[in-house]
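To start, the structure itself, in structure tokens.
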Amino acid sequence: MFGKNNPKFRNRGIMLLVIGFLCYYLFCTITGEQINLLTTILIAETGWTITAVTNTLTYGSLVAVAMVFVINTLFMKFDSKKLMVGTTFLVAVSIAVMGLSSVTLSMATFVVAWFVVRVIIVILQHGTNLMCTNWWSRHRGKSLGIVTIGAPFASATFVALTTAGQNIGMKFADLYYVFAIVIAAIGVLMAIFYKDRPEQMGLYPDGGTEPPLSATRDDDQSRIKIWDVLKRGDSWLLIIGFGIYYFGITCITAYFVVAMTINGATPAFYLPALAAGAIVGIVLSFLLGVIDDKWGTPVASIVMGVFYILGFLGMALLKGNALGPIIMAAVGYAAITGGCPNLHPSINTYVYGRKNFLAASRVIMAAQGIFAAFANMYMGAFINAGKISLAYYVLCIAVVVAMIMMGILARKPAYDSEEAIAARKEAKEENG
1 MFGKNNPKFR NRGIMLLVIG FLCYYLFCTI TGEQINLLTT ILIAETGWTI TAVTNTLTYG
61 SLVAVAMVFV INTLFMKFDS KKLMVGTTFL VAVSIAVMGL SSVTLSMATF VVAWFVVRVI
121 IVILQHGTNL MCTNWWSRHR GKSLGIVTIG APFASATFVA LTTAGQNIGM KFADLYYVFA
181 IVIAAIGVLM AIFYKDRPEQ MGLYPDGGTE PPLSATRDDD QSRIKIWDVL KRGDSWLLII
241 GFGIYYFGIT CITAYFVVAM TINGATPAFY LPALAAGAIV GIVLSFLLGV IDDKWGTPVA
301 SIVMGVFYIL GFLGMALLKG NALGPIIMAA VGYAAITGGC PNLHPSINTY VYGRKNFLAA
361 SRVIMAAQGI FAAFANMYMG AFINAGKISL AYYVLCIAVV VAMIMMGILA RKPAYDSEEA
421 IAARKEAKEE NG
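So, in structure tokens, the structure goes:
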């Protein structure tokens with residue numbers, strides 16, 4: 001993974017994996033874990049309604065969807081380090097402003113700060129995905145498996161840390177001021193060590209001594225066109241399949257504490273289970289990366305679907321402090337928060353290749369985001385109707401549909417594989 005006898009690649013590669021881990025911790029905390037605070041502590045301190053908060057979250061997510069195309073285009077045109085570092089510091093400022101809004105009781109301030117955070121946090125996710133795709137070719141799955149461990153680690157620690165903070169008398173604003181300082185520190189680390197591509201340091205992907213086959217081929221254009229993406233059937237399998245997966249992540253991560261509370265579980269039971277489940281999730285995130293490298297991303301995505309169903313069934317069956325459903329929910333929660341961010345960029349590369357990753361992703365991810373944007377509204381509707389268990393049963397059916405779509409994608413080899421490259425070359429020669 002780091003090349004033989006290549007300490008320069010190894011040392012920088014390890015530091016980049018640490019930065020990627022921290023970026024995923026922030027991304028999953030802000031898009032998922034913190035919503036547990038916004039729908040509980042913030043509401044309790046400010047008197048705002050859950051509908052007002054969840055609608056704000058939904059609208060912010062929709063704006064973020066609209067910006068995905070723009071953000072990926074920015075990565076195609078500008079140095080990603082500047083985008084990543086600038087975003088990190090802006091997120092830190094916005095998080096501090098969100099904390100301040102709970103003191104001033106200004107809903108307008110909260111809305112503006114949330115919109116800024118929700119829109120630009122995607123830059124950290126996409127930048128990390130691009131970094132792993134650029135630095136690792138043969139070991140892309142493992143590298144993504146490592147950085148996305150930040151997601152289940154966030155599940156294991158963020159709620160527990162904020163709960164501990166509340167227990168010593170910290171208010172919502174105090175928690176968010178500390179959070180902002182930590183984010184700013186990550187920005188400093190990124191400014192010092194982040195590099196977009198190994199070629200910028202005279203290195204090659206995977207620590208190799210020569211560029212990978214995908215970097216030297218001339219059988220396709222380096223930037224696929226928007227219409228070319230939209231007219232392909234496998235694009236829609238990606239859009240719908242992983243759109244369902246990302247919709248499902250929000251439904252379990254953002255509403256885990258809410259669902260546990262509604263169903264009568266107490267923190268003394270579900271927090272230890274969540275921490276233990278996250279440890280399992282960390283292992284599973286890496287193993288999904290190994291499956292990705294060995295058998296292909298679609299197969300790994302099908303395996304991940306099993307953990308979605310496990311988590312959703314746990315949430316649906318939960319009654320009081322029943323340990324079985326709590327463990328099911330916690331393990332599923334942790335596995336998918338690490339697995340989905342890992343496999344999401346990887347499957348785009350599987351279908352479109354390393355060169356076309358950004359050009360295709362700006363279309364695919366924007367369309368997928370439409371699904372995820374309505375997750376908060378979906379859960380809010382079922383919660384208000386008193387039917388939260390039904391919400392998770394419906395999600396189980398949706399995940400089965402996504403797994404079938406991944407099975408269809410598995411019938412084709414990876415775009416950058418020798419088999420696929422040879423087939424395209426042969427077809428090109430036959431067509432003159």
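In terms of the working numbering, the sequence shown opens at residue 1 and continues consecutively. We put the CB at the ideal spot given by N, CA and C, even for glycine. All of these numbers come straight from a predicted model, not from anything done at the bench.
Valine 119 sits buried, since 16 or more C-beta atoms from the chains shown fall within 10 Å of its C-beta.
In this structure, the beta-carbon distance from asparagine 342 to serine 285 falls below 8 Å.
Taking isoleucine 279 as reference, the option from Ala335, Thr29, His139 and Phe193 with the minimal CA-CA separation is Ala335. Residue burial is scored here from C-beta neighbours: asparagine 167 has fewer than 16 other C-beta atoms within 10 angstroms and is therefore classed as exposed.
Residue nearest to alanine 185 within the set Ala410, Lys355, Ala316 and Ile19 is Ile19 (criterion: CA-CA distance). Secondary structure of glutamine 125 (DSSP, three-state): helix.
In terms of Cα proximity to alanine 151, the closest of Ile252, Ala180, Met405 and Gly241 is Ile252.
For the stretch 94-118, not one full-length beta strand (DSSP E) segment reaches 3 residues or more. The alpha-carbon separation between tyrosine 204 and tryptophan 135 amounts to approximately 7 Å. Here threonine 209 is not near glycine 281, since their CB atoms are 8 Å or more apart. In the three-state reduction of the DSSP assignment, arginine 424 falls in the helix class, which pools H, G and I.
Beyond the five residues adjoining it in sequence on each side, serine 389 comes within less than 6 Å, by CB distance, of Ala316 in the same chain, given in chain order. By the criterion of a C-beta distance shorter than 6 Å, valine 229 is surrounded in its chain by Ser235, Ala360 and Val363, once the five residues flanking it on both sides are discounted.
Per DSSP, reduced to three states, the secondary structure at threonine 209 is coil, with no helix or strand assignment. Residue environment analysis places leucine 105 among the exposed positions, since fewer than 16 neighbouring C-beta atoms fall within 10 angstroms of its C-beta. Between isoleucine 244 and threonine 297, the gap from beta carbon to beta carbon reaches 8 Å or more. Comparing alpha carbon positions, the residue from Arg140, Asp174 and Lys387 closest to proline 345 is Arg140. Residue state for glutamine 166 is assigned as helix, using DSSP reduced to three classes. Serine 361: member of the alpha helix (DSSP H) spanning 357-373, first to last residue.
Counting C-beta atoms within 10 angstroms of its own C-beta, leucine 323 has fewer than 16 neighbours from the protein chains shown and is therefore classed as exposed. Taking every protein chain shown into account, the CB of glycine 386 has fewer than 16 other CB atoms within 10 angstroms, so this residue is exposed.
In this structure the stretch 301-316 does not touch the stretch 162-181; the number of beta carbon pairs closer than 8 Å is below three.
When only Cα atoms are considered, asparagine 11 and leucine 189 end up about 15 Å apart. The residue from Ala96, Lys4, Ala66 and Thr73 with its alpha-carbon nearest to that of isoleucine 30 is Ala96. Residue state for proline 413 is assigned as coil, using DSSP reduced to three classes.
Distance from threonine 39 to valine 53 at the Cβ level is roughly 6 Å; contact confirmed, criterion being Cβ atoms closer than 8 Å. Contact between leucine 175 and threonine 162 holds, since their C-beta atoms are separated by about 5 Å, short of 8 Å. With a cutoff of 8 Å on beta-carbon distance, glycine 305 and glycine 332 are scored as not near each other. Taking the C-beta atoms as reference points, threonine 250 is found no nearer than 8 Å to asparagine 129. Between alanine 329 and phenylalanine 69 the beta-carbon gap is near 34 Å, outside 8 Å, which marks them as no contact. Taking C-beta atoms under 8 Å as the contact rule, valine 147 and leucine 17 qualify, at a distance of about 6 Å.
Ranked by Cα distance from alanine 273, the options Lys77, Ala423, Ala160 and Val116 are led by Ala160. Boundaries cannot be given for serine 137, as no alpha helix (DSSP H) includes it and DSSP labels it neither H nor E. Judged by their CB atoms, tyrosine 25 and phenylalanine 153 are nearer to each other than the 8 Å cut-off.
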